[in-house]
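Just below is one structure, and these are the notes that go with it.
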Amino acid sequence: MSDPDAVRLQLSVAATLWEIAAARSEREAPRVNAARRYLGAIHGATRLRKRLAGDDRAA
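In terms of this note's numbering, the sequence shown is residues 202 to 260.
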């Protein structure tokens, strides 16, 4: 790999790692984290309700 290619690869990896760190930081922000937990609870309750409704129909 030539020098310019190596530098380009290093810059690309650095930019990707920076984006990952920014996304993790945003996801862990208190308001975002609370919203994710809330939506997860709703999703879990919805799945449980659908599963129980399916069990009722099968019985």
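Virtual Cβ for every residue (Gly too), placed ideally from N, Cα, C.
For this session: Can you tell me which of the three DSSP states A222 falls into?
Result: A222 falls in the helix class under three-state DSSP.
For this session: Consult DSSP for A230 and reduce its assignment to one of helix, strand or coil.
Result: Correct three-state label for A230: coil.
Exercise. Residues in its own chain within less than 6 Å of I221 by CB, not counting five upstream and five downstream?
Worked result: If we look at I221 and ignore the five residues flanking it on each side, it has no Cβ neighbours.
Problem set entry | C-alpha gap between L212 and D204, whole angstroms | Cα to Cα, the separation comes out at about 12 Å.
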